[in-house]
Each structure stands twice: as C-alpha cells, then as structure tokens.
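Asks: Here it is, the structure, as structure tokens.
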Amino acid sequence: MNKLRNVSFVLVLILLLSVLPIFAEGQQEPVGPAAPKAAEQVVLTNNIPKGDLEIFSWWAGDEGPALAALIRVFEAKYPRVNVINATVTGGSGVNAKAVLKTRMLGGDPPESFQVHAGQELIGTWVTAERMLDLTPLFEREGWMDVFPEDLLKLLGTDAGIWSVPVNIHRSNVLWYVPKHLKDWGVEAPSSWAEFLVIAPKIQAKGVVPLSLATTWTVNHLWESVALGVLGDDAYEALWAGDIPWTDARVVEVWETFDKVLEYTNNDAASLSWQQATDMVVNGQAAFNIMGDWAAGYMSTTLGLEPGSGYGWAASPGTDGSFIFLADSFGLPKGCENPDAAIAWLTVCGSKEGADAFNPLKGSISARKDSDMSLYNVYSKSAAQDFQQNRIVGSLAHGVVANEGFMNDFSTVMEMFLSSRNAQQAANACQAIAIQNGMTR
Amino acid sequence: MIDRRKNTFISVLILIPSILLVGLFIYGFIGNTIVVSLSDWGHRLGGLAFDPEKNFAGLENYRQLFSGFVHGRFRQDLVNAVFYSILLMAGTLFFGFLFAVLLDRKVRAEGFFRTLFLYPMALSFIVTGTIWRWLFAPSGGVNIIPTFFGGTAGTFLWISSRATILQFNWQDLFQVLSIILAFVFLTLLIRSLRTGSPKGRTFSIVMLLITLLYASVIHRLLPPILPFEEMHGFNLATLGICIASIWQYSGYAMALYLAGLRALPESIRESAQLDGANEFIYYMRIAIPNLKPITLSAVIVLAHISLKMFDLIYAMAGADNANTGHPSINMYLTTFRANNFASGAAMAVVLFLLAALFIIPYLIHTHRERRG
Chain A
493 MNKLRNVSFV
503 LVLILLLSVL
513 PIFAEGQQEP
523 VGPAAPKAAE
533 QVVLTNNIPK
543 GDLEIFSWWA
553 GDEGPALAAL
563 IRVFEAKYPR
573 VNVINATVTG
583 GSGVNAKAVL
593 KTRMLGGDPP
603 ESFQVHAGQE
613 LIGTWVTAER
623 MLDLTPLFER
633 EGWMDVFPED
643 LLKLLGTDAG
653 IWSVPVNIHR
663 SNVLWYVPKH
673 LKDWGVEAPS
683 SWAEFLVIAP
693 KIQAKGVVPL
703 SLATTWTVNH
713 LWESVALGVL
723 GDDAYEALWA
733 GDIPWTDARV
743 VEVWETFDKV
753 LEYTNNDAAS
763 LSWQQATDMV
773 VNGQAAFNIM
783 GDWAAGYMST
793 TLGLEPGSGY
803 GWAASPGTDG
813 SFIFLADSFG
823 LPKGCENPDA
833 AIAWLTVCGS
843 KEGADAFNPL
853 KGSISARKDS
863 DMSLYNVYSK
873 SAAQDFQQNR
883 IVGSLAHGVV
893 ANEGFMNDFS
903 TVMEMFLSSR
913 NAQQAANACQ
923 AIAIQNGMTR
Chain B
52 MIDRRKNTFI
62 SVLILIPSIL
72 LVGLFIYGFI
82 GNTIVVSLSD
92 WGHRLGGLAF
102 DPEKNFAGLE
112 NYRQLFSGFV
122 HGRFRQDLVN
132 AVFYSILLMA
142 GTLFFGFLFA
152 VLLDRKVRAE
162 GFFRTLFLYP
172 MALSFIVTGT
182 IWRWLFAPSG
192 GVNIIPTFFG
202 GTAGTFLWIS
212 SRATILQFNW
222 QDLFQVLSII
232 LAFVFLTLLI
242 RSLRTGSPKG
252 RTFSIVMLLI
262 TLLYASVIHR
272 LLPPILPFEE
282 MHGFNLATLG
292 ICIASIWQYS
302 GYAMALYLAG
312 LRALPESIRE
322 SAQLDGANEF
332 IYYMRIAIPN
342 LKPITLSAVI
352 VLAHISLKMF
362 DLIYAMAGAD
372 NANTGHPSIN
382 MYLTTFRANN
392 FASGAAMAVV
402 LFLLAALFII
412 PYLIHTHRER
422 RG
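Chains A and B supply the protein sequences, listed in that same order.
Quick note on numbering: our numbering labels position 78 of the first sequence as 570, and the sequence is numbered without any gaps.
Quick note on numbering: our numbering labels position 3 of the second sequence as 54, and the sequence is numbered without any gaps.
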C-alpha cells in the first residue's frame, strides 16, 4: 500500500511539473494587439570606439582572407578596438544562421553579423523588431548617393534601411568554354526559346546542354528562367505581390523550366556546384548557370584565363538585367558596444574597405566609385553591368523572399521535380506566398 | 514502523532533486512542445521578436500536416520513415544474426572478427555518412565495381534517384492501413487455429471483419482526407541510407545475438543433435525462438534510432534532398530555418508519439515480466 502511495506521489509531482510551463506560457500572452512602434534608429555619437567588437560571419576557408583584409583596414583606423572574429563554418551560413538565432533569442547578440541583404534579414530580424534603422549612418556617410538606387530600395523597407552591403554577386550568369562552343558550332543563347532550339543539337553530340547540381542550384536556375520569361517588371511585381503566382505568365515560367530541365544531367542531386562547373570546363556540358563565385573558382582554383579559358554572358533572356545578391552587416538592438559596431559598419561601406575586401572575395563593390584597376577582367565587366543594368533581387540567396518562403519554395521545387506539373507548382507557390505573408 | 517511515522519508528526499530535474527538463519541455504545437507561433512574420505573438490554434497544425496543401513533403517523409524503419530492422537483425551464427561456430580469431563487425558502431553517423556518400557517388564507388570484372558501370543513383515503387494515394491511406491490419489479424487467426488455442480467436475474427468491411465499403462512403490526389511511396533513394545504417548497426545486433547464443546451454544443442536436428534446424527452430527477448529489445532500440535518424541523412544527402527526407530533418528546417515554430513543434510531437508507439508496449512488457 505504502509503495503504491509513493509511486503515485512521484507521478503526481512529475505531472505537476510538466504542467508548469503551460502556466508560464499563459503569462506571456500579450494583452490585446500591440500598437505598431516606429522603428528605432541608430544613434550616432562622437565617442572614440574602444573595447571588444564581435563580428559574426560564416566566412572561413576560401573567404577567410577577404574578411581578414577588411578587419586589417578596420584595425588601422580604430586601434583601440579589439576585434573578435567569430566565424561559424558551413556554406551559405546554414550552421551560422542557427547559431545566430540561439544567440539572439538568448539575449547575447554579437555587435554585428553577416546576413544576406534583403528579405532574408527583413523577414526574420526586422519584422521581429530586433534591428536598428541605419538611415542616419547612410546619410552621414553619403551612401544614399554612392549606392545605386535600385539597391537601396531592396536593402530597406518603408521604415528604414537595415544593413550595409559589403559585396555584390551576380546570380544570372551563363558560363561556357568558348573553344568548346566553337567545336560544337553553337553560340551562347540569348533567350530560352533559342536555348531550347540548340539544346537538342548539343545533346545529339553526347554533351549535356546545361549542367545542374544540388537543390539550391536548381532554385538558382529557376530565378534566371523566371527573369528570362517574365522580364524585369513582371519579375519585380511578382515579389511585390502585385501579380499572383497563379498568373498565366508564372505558369509559363514553370512550363519553360520543365522544358529546360529535360536538357540537364540526371545525377544533379548528388553534385556540388563546383562539380557542375567542372562539367562545363571538361567539355561534358555546354553551359552552366551559376553566380559569379564560379568565376573565382575557375580563375583561382582551376587556373583558367577569363575570356579565353572560360566565357560568360547574361543568362538567356536577361541581358540588361542584373540579379544581385549581397552579404551585408546589420546592427542588432541591445549589443554591448554600439560605438564600435557603427565604426565597423562605416568601414564596411567605405571605399577603402570595399576595395580591400572584394578583389579577394571575387565579388564587386556595391559602390559606384570603386577603383576598378584593382579588379580582374570578369569583375570589371560585372561592375560595368552593375552600373548600367536594371538591378533586381535574387530568390535563392534571400534578397526578395523571407526565410519561410525560401524554405517552403525548396519543398515546392522538390514536388515539382517529381511531378513536373507546372500548374500544381504555381498553385503551391501561391499557397506558400500567402502563408509567408508575401501577398498584398 | 517508525524506522520504515523514516527510510521512506529519506528515499523520497534523495529522489526529489532528480524528480525535479527530470520533471522540468524532460517532461516539462515535452509539455511545452505540445503547448507550442497547439499555437500559431511563427505562422506570421516576427516569430523571433522579443515578445512574439502566440495564439491558441487547437489542432490546426496537425490538420495541416496530414491534409494541408503545403505539407506534402512531411507526408512523404513519414512514409519514408516507415519504410526506412522496416528495412533497417529487417536488414540489421538478419545480418546481425548471420554474423552471430558464423562467430558462434568457434571460428579461429573470433575476437578479431567480433571487433571487425562491431567497429562501425564506434563511428559517428557523420563519418559513416560521408564515407557512404562517396561510395554511392553516381560515377564512382559502388557503381564502378562491375568494371573490375569486365562489366559496364552501374548507373543507379543511390541517394538521388527519383524512382518510387509501392505507390499509393494519400487519400486511400486508411484503406491501405486497414488492409495491412486485416493481414495481421488473418495471420493471428490462422496461428490460433493451428495451435488450437482459443485465446483471442473471437477478437481476431471480429477485427478481421471490421477491417475488411472498412476497406471494401466504409472507406468509399467517407469524404476523402485530402481534397486532391497525392501519390506517396517507397523512394528508391532511401536504399542508400538504409544500406549505410545497416552497415553501421549490424555489429550491434551481432553482439546482442552472440551473447544470447552463448547463454543457451550446450545441453540443448546436444539433445537437439541427438534427436537428429542439423545445424540449420537447430538455429531456426531452437535458437531463434529462445532469443525472442533479445530480438524484441533490439527491435525497440533500432526503431527509436530509425525514428531519430538525422545526422546520417544530413551528411549523406543534405537537408534539401526530399527523396531521402525524414520527419526529423523536416522538423529542424521548419523550426530553425523557416522560423515556423508551431508547425515544427507539431512535427516533433508526431515523431514523439511514433516513438512512444514502440517504447510503451515494451515498457509494459518488461514491467509485467519483472512482476511475473
């Protein structure tokens, strides 16, 4: 009897304890809808920055030297600040983003953190009201005139500007080897219709017309197809929520994408993006669409000469448009050393900082006045396009869509790769756009 | 009497810290996850705010997971997990038992082989996953083995194939389940008829009739659980994952079975031989039935390993390869990449209930045995 009583006592205790958090939850419930607050702006002071500055990023390995060069510029200017370089490795920041979330939620934000500019930052951290508006800093440094207007529009919202871009990459680039194309008697296509005409000829020679790699590169290809089919205005309207995903033009994007996929390698899911680039270099594939980090890979790692060893063009149908993505740094609320953080952001946006960082990273500067003599042949051409082209944002790299949409889009893409049903994919996209607050 | 009471008091006192810690950090957080799964935390932007908006949403998240438009991947993940668990258990137990029998026959250098078979267990899943990803690369590893013997290289895409077999429509899920259950009750019925024991016979007959009735008639009368057709099935891409995990866990099953075989008294084997049983019959008819408790505990351990599988798949196929998807990876992505905390918590609870499905009968079983 006694034993039974003890057991039930223990059980009741465990039950009580497990119910505890429910009450805790109850107390956290907000009372009524919170009134919309005006965005908190960064406060600029004349204090000389000192103390510790923790910079959180995923730039290790190949990208490490570029970050180190940027930090050297900073240290020369602000010798009293002790820079703590906190990197969490993992491509595109898969691990870093998760670590950052736990640190932010735990009330221990770093002074500044790397983040893809645009909706990836805005949808996660700005809507959570955890970032400071940097408009005063942009005005003081004169960045409103130095950065292209299209870019500023995508970096900010109606309420403010949220991060300082340190680099610009281009997403819609078609890569090929000029010598191979000459041997096969084809030229780089200027539209998807043209691609679909020459692709069977290339395939007949036993060559894959377009090489493709793992899931994110499929999303990357999709945004180039979308821009090529829709054109600049409709592409931007799609992300602004002005045209729905069920629109006939968007269904046509999926249909074109379906046809393009017919001319890709079937082992794509097991390849890395470098392997897809290798296929072009080795002559196993004719074309590849990848961001311009592929130029860095081919010039530096494979030792090819830009122009003769490898060639490039805007992806089919996107000549005159520049799908950009950028790494940027923002300023979270509640960091311990805002003076040093502002000094860091100032260096990130400065001409000197950008020109120290970008030639090593293989990207171009977001500024219109950078010193082009420091850059290689490819970067010069990209920088020229950046100045003259219409600038639109990338989906696969977080400029135009928030993290929730990007995650769900990967799922829709997997569904599409299995079902190949354009209408169904368009409907699913509309559903996830509604779910992630991307519609008007 | 007073002494006993004092003893009880002291033992409760000693137990309190661990009860508190376990209650808070295990049961408390399970409770919290369940509460989150009933909310709408993260359904809108701003889920990571200082004071995020959370409203009670009832079972909506669960309804979305099983019949919502955008959670098709979760349903395929569940199907994957079921096939994956079955294959992992069957493969591991088969090879584990095979190795144990081979070692049981007093081979030379038994210690060496025992270590050899057990060694994969010592590796972390990340290491196993990386090695097998290389072995299963489409144009290398396993696929080029035939070329060593003059054959042509294989072309099977071990972890990225999009081929699917055993497809069924999710709308017919309950029909499929009831047919499977009908088979289970049919075998139970046949067994009870064969052994002549009336225990549970009526129950089996009734259940058999109910499941057959459901599959043939009732299912057609009910409204479909999904408004559209959605095919799911066994993705051949998961074969690669299965092979890697069978490779890793066979040694574990072998160790369990070997200990079990060694514990069987030599006299049983001798008397079986006197009765004319050869080795094969000895293992099939005598060893396996006697090792039932070991099989059961191995099944329990493997079942919860297969339900918690994350790192191996992450290392082998990456997080976004839906062909090899698993609910645990989906849960991680939904929660920590898409910031949809409520849906992620609902997935976690579904996984938790699945694990409980295996663990609770086991606990009841062992509890009964201990008392009996």
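Glycine is no exception: its CB is placed at the ideal position from the N, C-alpha and C atoms.
1. Taking only runs that begin and end inside the region 820 to 882 of chain A, name each unbroken alpha helix (DSSP H) of 4 or more residues, in chain order.
2. Name the one or two DSSP bridge partners that Gly543(A) has.
3. Evaluate the contact criterion for the region 687 to 696 of chain A versus the region 763 to 772 of chain A: three or more CB pairs, one atom per stretch, below 8 angstroms.
4. If the cut is a Cβ gap below 8 angstroms, which residues of chain B does Glu621(A) touch?
5. Val257(B): which of Val235(B), Gly395(B), Val121(B) sits nearest, CA to CA?
6. Counting only Cβ pairs nearer than 9 angstroms, list the residues of chain B close to Lys453(A).
7. Taking just the CA atoms, how far does Tyr867(A) sit from Gly851(A)?
8. How about Pro189(B): is its C-beta nearer than 7 angstroms to some C-beta of chain A?
9. If you draw a straight line from the alpha carbon of Ala516(A) to that of Phe80(B), how long is it in whole angstroms?
10. When the Cα atoms are used, what is the spatial distance from Val742(A) to Gly809(A)?
11. What ranges does the alpha helix (DSSP H) occupy inside the region 740 to 792 of chain A, keeping only unbroken runs of at least 4 residues that lie completely in it?
12. Check each candidate in Arg95(B), Arg156(B), Ile61(B) and name the one with the smallest Cα separation from Thr931(A).
13. Which first and last residues belong to the alpha helix (DSSP H) in which Leu260(B) is found?
14. Compare the C-beta of Gln519(A) against all C-beta atoms of chain B and say whether one is closer than 7 angstroms.
15. Taking buried to mean at least 16 other C-beta atoms within 10 Å of its own C-beta, is Ile68(B) buried or exposed?
16. Quick one: residues in its chain with C-beta nearer than 8 angstroms to the C-beta of Arg124(B), no 5 flanking neighbours on either side, listed in chain order?
17. Entirely within the region 615 to 666 of chain A and at least 4 residues each: give me those alpha helix (DSSP H) ranges in chain order.
18. Let me see if you follow: with CB-CB separation under 7 angstroms, is Leu384(B) close to chain A or not?
19. Below 8 angstroms, how does it come out for the region 647 to 662 of chain A and the region 837 to 854 of chain A: are there three or more Cβ pairs, yes or no?
20. So if DSSP puts Gly885(A) in a beta bridge, which residue, or which two residues, is it bridged to?
21. Report yes or no: is there a C-beta of chain B within less than 7 angstroms of the C-beta of Thr707(A)?
22. Tell me which residues share the same chain as Met398(B) and place their Cβ nearer than 7 angstroms to its Cβ, disregarding the 5 neighbours each side in the sequence.
23. Alpha carbon to alpha carbon, what distance is there between Ile356(B) and Ile364(B)?
24. Do the region 188 to 199 of chain B and the region 253 to 271 of chain B make contact, defined as three or more Cβ pairs closer than 8 angstroms?
25. Thinking just about the alpha-carbon of each residue, which of Leu110(B), Gly109(B), Trp92(B), Leu263(B) is nearest to the one in Asp102(B)?
26. Phe145(B) CB to nearest chain A CB: under 7 angstroms?
27. Quick check on Met930(A): does DSSP put it in helix, strand or coil?
28. Shortest alpha-carbon distance to Arg572(A) belongs to which of Ala874(A), Asn829(A), Gly896(A)?
29. Give the straight-line distance between the Cα atoms of Met905(A) and His712(A), rounded to the nearest whole angstrom.
30. Give a yes or no on contact between the region 125 to 140 of chain B and the region 315 to 327 of chain B, applying the rule of three or more CB pairs nearer than 8 angstroms.
31. Going by beta carbon distance, what residues of the same chain come within less than 6 angstroms of Val665(A), once the five residues before and after it are set aside?
32. Near Ile935(A), what residues of its chain come up, given a Cβ to Cβ distance below 7 angstroms and the 5 sequence neighbours on each side ignored?
33. Within 8 angstroms, do at least three Cβ pairs link the region 623 to 636 of chain A to the region 533 to 551 of chain A?
34. According to DSSP, simplified to helix, strand and coil, what is Asn131(B)?
35. Among Cys827(A), Ser855(A), Met790(A), which has the Cα closest to the Cα of Ser604(A)?
36. According to DSSP, simplified to helix, strand and coil, what is Ser69(B)?
Replies: A quick look at the data gives this:
1. 830 to 841, 843 to 853, 869 to 880
2. Val573(A)
3. no
4. Gly97, Ala100, Phe101
5. That would be Val235(B), whose Cα lies nearest to the Cα of Val257(B).
6. Residue 453(A) lies beyond the stretch modelled for chain A, which goes from 493 to 932, so this question has no answer here.
7. Just to set this straight, residue 851(A) is Pro in the shown sequence, not Gly. When rounded, the distance between both Cα atoms is 6 angstroms.
8. yes
9. Because Ala516(A) carries a pLDDT of 47, less than 50, the predicted location of this residue cannot be relied on, and the following value inherits that uncertainty. Going from the Cα of Ala516(A) to the Cα of Phe80(B) covers about 12 angstroms.
10. 15 angstroms
11. 740 to 753, 765 to 774, 785 to 788
12. Arg95(B)
13. Run containing Leu260(B): 252 to 264, per the alpha helix (DSSP H) assignment.
14. Unreliable positioning characterises Gln519(A) in this predicted model, as indicated by a pLDDT of 41, which lies under 50. A coordinate reading is not provided.
15. Residue identity check: residue 68(B) is Pro in the sequence provided, not Ile. Within a 10 Å sphere around the beta-carbon of Pro68(B) sit fewer than 16 other beta-carbons, which makes this residue exposed.
16. Ala373, Gly376, Asn381
17. 627 to 632, 635 to 638, 641 to 647
18. It does; some Cβ of chain A falls within 7 angstroms.
19. The answer is yes - the region 837 to 854 of chain A touches the region 647 to 662 of chain A, with three or more Cβ pairs under 8 angstroms.
20. Phe816(A)
21. yes
22. Leu116, Phe125, Pro378, Asn381, Met382, Thr385
23. 13 angstroms
24. no
25. Trp92(B)
26. no
27. coil
28. Cα-wise, what sits closest to Arg572(A) is Asn829(A).
29. When rounded, the distance between both Cα atoms is 11 angstroms.
30. Between the region 125 to 140 of chain B and the region 315 to 327 of chain B there are fewer than three inter-stretch CB-CB distances shorter than 8 angstroms, so the stretches are not counted as touching.
31. Asp784, Trp804
32. Outside the shown range of chain A, which is 493 to 932, sits residue 935(A), and nothing can be said about it.
33. yes
34. helix
35. Looking at Cys827(A), Ser855(A), Met790(A), the one whose alpha-carbon comes closest to that of Ser604(A) is Cys827(A).
36. helix
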